[in-house]
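Accompanying notes for the structure given below.
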Amino acid sequence: MADLRGIQLDSLFGSIQEYVTYAGSITSPPCSENVQWIISNKAISIKEPEVIQFRILHQVQKFENLYSGIVAGNLRPVQETNRRAIITNIDFVPSEPGVSSALNL
Numbered sequence: 002m003a004d005l006r007g008i009q010l011d012s013l014f015g016s017i018q019e020y021v022t023y024a025g026s027i028t029s030p031p032c033s034e035n036v037q038w039i040i041s042n043k044a045i046s047i048k049e050p051e052v053i054q055f056r057i058l059h060q061v062q063k064f065e066n067l068y069s070g071i072v073a074g075n076l077r078p079v080q081e082t083n084r085r086a087i088i089t090n091i092d093f094v095p096s097e098p099g100v101s102s103a104l105n106l
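Residue numbers (our numbering): 2 to 106.
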């Protein structure tokens, strides 16, 4: 597991104002249901030095057998929600008459 002490998440992701969150599972076997996912409604950008650091971290974890997969290969089909609550702080009420909002989950 990576040591994240002292890392400020806002320095990595900026200010995430609106999001969707739900209790889910990790994306690789054994798919344990012990993850709280937080999904921003806006894309974030990442600079090349950050990509390089992520790749280095990934290689260290793989070398030390702390990580048993590759980042590009940890995808799986969309899973059922299994009655999980999906929570958001996004206001879907249009601020102007005649303006519509949509939620794509």
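For every residue, glycine included, the Cβ atom is placed at its ideal position computed from N, Cα and C.
Bear in mind that the values here come from a model prediction, so they are computed numbers and not experimental data.
First and last residue of the uninterrupted beta strand (DSSP E) at residue i
i: Val36; result: 36 to 41
i: Tyr21; result: According to the sequence as given, residue 21 is Val; it is not Tyr. First-last of the beta strand (DSSP E) with Val21: 20 to 25.
i: Thr89; result: 87 to 89
Residue from the options whose Cα sits closest to the Cα of residue i
i: Ala44; options: Ile87, Gln37, Phe14, Cys32; result: Phe14
i: Arg85; options: Val94, Gln18, Val36, Phe93; result: Val36
i: Val79; options: Thr28, Phe55, Val94, Asn42; result: Thr28
i: Leu83; options: Ile17, Glu19, Gly25; result: A small correction: the amino acid at residue 83 is Asn; Leu does not occupy that position in the sequence shown. That would be Gly25, whose Cα lies nearest to the Cα of Asn83.
i: Tyr23; options: Phe93, Val94, Ile87; result: Ile87
i: Phe93; options: Trp38, Ser12, Gln9, Asn42; result: Asn42
Nearest-angstrom Cα separation, counted from residue j out to residue i
i: Glu81; j: Thr89; result: 18 Å
i: Pro50; j: Ile57; result: 11 Å
i: Ile40; j: Val21; result: 5 Å
i: Gly70; j: Pro30; result: Note that Gly70 scores a pLDDT of 49, beneath 50, so its modelled location is shaky; the value from the coordinates is reported in the next line. Rounded to whole angstroms, Gly70 to Pro30 spans 9 Å at the Cα level.
i: Ser16; j: Cys32; result: 29 Å
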